[in-house]
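So the sequence lines, in the order shown, correspond to chains A and B.
For the first sequence, our numbering gives the first residue as 148, with consecutive numbering after it.
For the second sequence, our numbering gives the first residue as 33, with consecutive numbering after it.
Heads up, the beta-carbon is just placed ideally off N, CA and C, and yes, glycines get one too.
Remember, predicted model here, so these are calculated numbers, not experimental data.
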Amino acid sequence: MASKVIHALYNDDDILMKAVKEVRSAHHHIEEVYTPFPVHGLDKAMGLADTRIAITSFMYGCLGLTVAIVMMNYMMIQDWPQDIGGKPSFTYLDNMPAFVPIMFEMTVFFAAHLMVITFYLRSKMWPFKKAENPDIRTTDDHFLMEVGVHDNEKELTELLWETGAVEVNTIEK
Amino acid sequence: MYTFSNRLKIGSFILMALGVICLATGFLSAPSTVEEAKEMVAAAHHDGHGGDHGETVAHHDEGHDASHDEHLLHQLQNRPWAALYTAAFFFFMIALGVLAFYAVQRAAQAGWSPMLFRVMEGITAYLVPGGIIVFVILVLSVLHMNHLFVWMDADVVAHDKLLQGKAGYLNPTFFLIRAALFLGGWIFYREYSRRLSLAQDESDDISNFKKNFRISAGFLVFYLVTESMMSWDWIMSLDPHWFSTLFGWYVFASMFVSGITVIAMVTVYLKSKGYLTEVNDSHIHDLAKFMFGISIFWTYLWFGQFMLIWYANIPEEVTYFVTRIEDYKLPFFGMLALNFIFPLLILMNSDYKRVNWFVIMTGIIILVGHYLDVFNMVMPATVGDQWGIGISEIGGILFFAGLFIFWVFTAMTKAPLQPKRNPFLEESRQFHY
Chain A
148 MASKVIHALY
158 NDDDILMKAV
168 KEVRSAHHHI
178 EEVYTPFPVH
188 GLDKAMGLAD
198 TRIAITSFMY
208 GCLGLTVAIV
218 MMNYMMIQDW
228 PQDIGGKPSF
238 TYLDNMPAFV
248 PIMFEMTVFF
258 AAHLMVITFY
268 LRSKMWPFKK
278 AENPDIRTTD
288 DHFLMEVGVH
298 DNEKELTELL
308 WETGAVEVNT
318 IEK
Chain B
33 MYTFSNRLKI
43 GSFILMALGV
53 ICLATGFLSA
63 PSTVEEAKEM
73 VAAAHHDGHG
83 GDHGETVAHH
93 DEGHDASHDE
103 HLLHQLQNRP
113 WAALYTAAFF
123 FFMIALGVLA
133 FYAVQRAAQA
143 GWSPMLFRVM
153 EGITAYLVPG
163 GIIVFVILVL
173 SVLHMNHLFV
183 WMDADVVAHD
193 KLLQGKAGYL
203 NPTFFLIRAA
213 LFLGGWIFYR
223 EYSRRLSLAQ
233 DESDDISNFK
243 KNFRISAGFL
253 VFYLVTESMM
263 SWDWIMSLDP
273 HWFSTLFGWY
283 VFASMFVSGI
293 TVIAMVTVYL
303 KSKGYLTEVN
313 DSHIHDLAKF
323 MFGISIFWTY
333 LWFGQFMLIW
343 YANIPEEVTY
353 FVTRIEDYKL
363 PFFGMLALNF
373 IFPLLILMNS
383 DYKRVNWFVI
393 MTGIIILVGH
403 YLDVFNMVMP
413 ATVGDQWGIG
423 ISEIGGILFF
433 AGLFIFWVFT
443 AMTKAPLQPK
453 RNPFLEESRQ
463 FHY
């Protein structure tokens, strides 16, 4: 990461989108963009890779299904196969319809919760975490683009002003 | 404007001709006497035919053999009729499912689907011939041309207290009046909505569009009531001793998902032929999402019905599933794989839903699965353990597939495939997911 960065502030998401495209086509590296709300298509404009969180969720779901099957097979069929109200506890398949609600809920439970935890870990979010917000206005009505500086501060500043920034600051990191 | 390609037209005629030949063979090879029926069964199984099969008609001890043989004769005679009825109902329910989807899109003022309205209207054109054929089969049943509906037999009802109790609802006259009312209402909405849709293209205000919105909302109310009753009448009354409260929803889910699948398949076909150039992969993606979601909804209802009856195991209800699991193990559980596991695994991935040939392949699996679903609903009550996927069943599918293709694509040629003046048309054109 560059030791010096430029913070360009915008007050409109359309202008921000245009600016991101221009800065990228001028081959400057955008370190980060801070926005108060999700800007549709910003990840594509920045060229970010697709998220793989749905794939992790699918795998967690498979894990949850397996846990449910193994758990109930052990408890209801292997360990103590009681006759409860005439339900057939001879094999897992015999009594499977009764287990399906649990299998379903466990799949959803694992898929949802482990995916959320994965999301927290990957995006480094936890309670008492120090906020990384460079400018308090970006949580309300301003958009901030952070661009790394590599001995091209003047040229970059001019470019950012041209893209419609309302404020351009150079920051030592 | 769409022009019906000659190859497809000839193809549909060939399907119809083959289907008629197969069906005729099926009808001609059905036995007409008890002796013939016994011979056929003896030839099929060398070990003979024994054991009990979940019969709904009560037997008396003396004369059991005679009534058993007659029962067998009826089952074998029913076979081509049941094959005809299954296929006729299956293709009819596709058109009806599309009509429901179309009305939902109109009533919800969906912004993505107006580009596909003409495709849906083309498919629902099949309601008229399909509905008439189903109605004719019902009339023939009432006229005792077959033994599909056991409660239509006055002799059986005379010895059956349960059927006597239900005779207020299940009597031939009222049955046909209801069927005519349902079909009349559905066809009326289809024709009226289509007229408004075409008129909207030529008008310079949106009064036709608003009228269509109102009639669609009204139709959905009518449809939900009549569809449920239709499923009791046309399907559930095949097993007149059995009842299930969510049966109407279950049949609805089956027709809804088949209808959406056919919309997706016809759209992909027309797109590949260079029509519907403005329909993009996002439209296909949305249809595939519906295929995925409603497949799971169908499974939910299937399981909701099965599990409640299996769990409580009340004899008068559970015979329905006992006969199916004993005699129809493969189709009964096979359709679960086709209708649930395949769509679940294939259509879960967002990228796959945008691949057109994936949608077609999954669509074929879903349609086969839902044919089997109808098969599982009709056959056990009509032919019992004498079922098979033979010449009559395949003939039924071929004939109605040909008729469906011919009628639907002929209807597509009657109007431009893209609406011109729908308020949501531009949104639909720009639709991107």
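Residues are counted here when their Cβ sits less than 9 Å from a Cβ of chain A; for the segment 326-358 of chain B these are 335, 338, 339, 342, 343 and 345, given in chain order.
When DSSP states are grouped into helix, strand and coil, residue 34 (chain B) belongs to the coil group. At a Cβ-Cβ threshold of 8 Å, residue 401 (chain B) and residue 370 (chain B) count as neighbours. Near chain B, meaning a CB-to-CB distance below 7 Å, the residues of the segment 234-266 of chain A are 244, 245 and 247. Secondary structure of residue 154 (chain A) (DSSP, three-state): strand. By the beta-carbon neighbour count (other beta carbons within 10 angstroms, threshold 16), residue 273 (chain B) is buried. The three-state secondary structure of residue 181 (chain B), taken from DSSP, is coil. Residue environment for residue 177 (chain B): exposed (fewer than 16 other C-beta atoms within 10 angstroms of its C-beta). Around the beta-carbon of residue 385 (chain B), 16 or more other beta-carbon atoms lie within 10 Å, marking it buried. An exposed status is given to residue 209 (chain B), since fewer than 16 other beta-carbon atoms sit within 10 Å of its beta-carbon. Contact between the segment 309-319 of chain B and the segment 197-211 of chain A is absent: fewer than three C-beta pairs spanning the two stretches fall below 8 Å. Assigned with DSSP and collapsed to three states, residue 380 (chain B) falls in coil, not helix or strand. A direct Cα-Cα distance of roughly 47 Å separates residue 152 (chain B) from residue 220 (chain A). Straight-line measurement puts the Cα of residue 286 (chain A) at about 23 Å from the Cα of residue 151 (chain A). Annotated as distal: residue 247 (chain B) and residue 160 (chain B), with beta-carbon spacing of 8 Å or more.
Of the residues B:122, B:450, B:158 and B:182, the one whose Cα lies closest to the Cα of residue 106 (chain B) is B:182.
Residue ranges of uninterrupted alpha helix (DSSP H) with 4 or more members, entirely inside the segment 177-219 of chain A and ordered along the chain, are 189-193 and 200-219.
In this structure, residue 438 (chain B) sits away from residue 99 (chain B), with a CB-CB distance that is not shorter than 8 Å.
Collapsing the DSSP output to three states places residue 425 (chain B) in a helix. Residue pairing by DSSP places residue 314 (chain A) opposite A:156 in a beta bridge. Within a 10 Å sphere around the beta-carbon of residue 109 (chain B) sit 16 or more other beta-carbons, which makes this residue buried. Bridge pairing for residue 319 (chain A): A:151 [DSSP].
Shown here for residue 329 (chain B): same chain residues with a beta carbon closer than 7 Å to its own, the five before and five after excluded, namely 285 in chain order. Take the alpha-carbon of residue 97 (chain B) and the one of residue 175 (chain B): they are about 27 Å apart. Between the alpha carbons of residue 166 (chain A) and residue 136 (chain B) lies a distance of about 41 Å. Sequence-distant partners of residue 326 (chain B) (beyond 5 residues in either direction) whose C-beta falls short of 8 Å from its own C-beta, in its chain, are 285, 288, 289 and 292. Sequence-distant partners of residue 211 (chain A) (beyond 5 residues in either direction) whose C-beta falls short of 7 Å from its own C-beta, in its chain, are 253, 254, 256, 257 and 258. Beta-bridge annotation (DSSP): residue 290 (chain A) is paired with A:157. In this structure, residue 405 (chain B) keeps its C-beta atom at 8 Å or more from the C-beta atom of residue 144 (chain B). Taking the CA atoms as reference points, residue 238 (chain B) sits about 26 Å from residue 299 (chain B).
Rounded to whole angstroms, the gap between the alpha carbons of residue 417 (chain B) and residue 355 (chain B) is 8 Å. Contact between residue 180 (chain B) and residue 308 (chain B) does not hold, since the beta-carbon distance rounds to 40 Å and is not under 8 Å. One alpha carbon belongs to residue 305 (chain A), the other to residue 272 (chain A), and they sit about 35 Å apart. Residue pairing for residue 295 (chain A): DSSP places it in a beta bridge opposite A:152.
The beta carbon of residue 295 (chain A) is closer than 6 Å to those of 149, 152, 176 and 178 in its chain, skipping five residues each way along the sequence.
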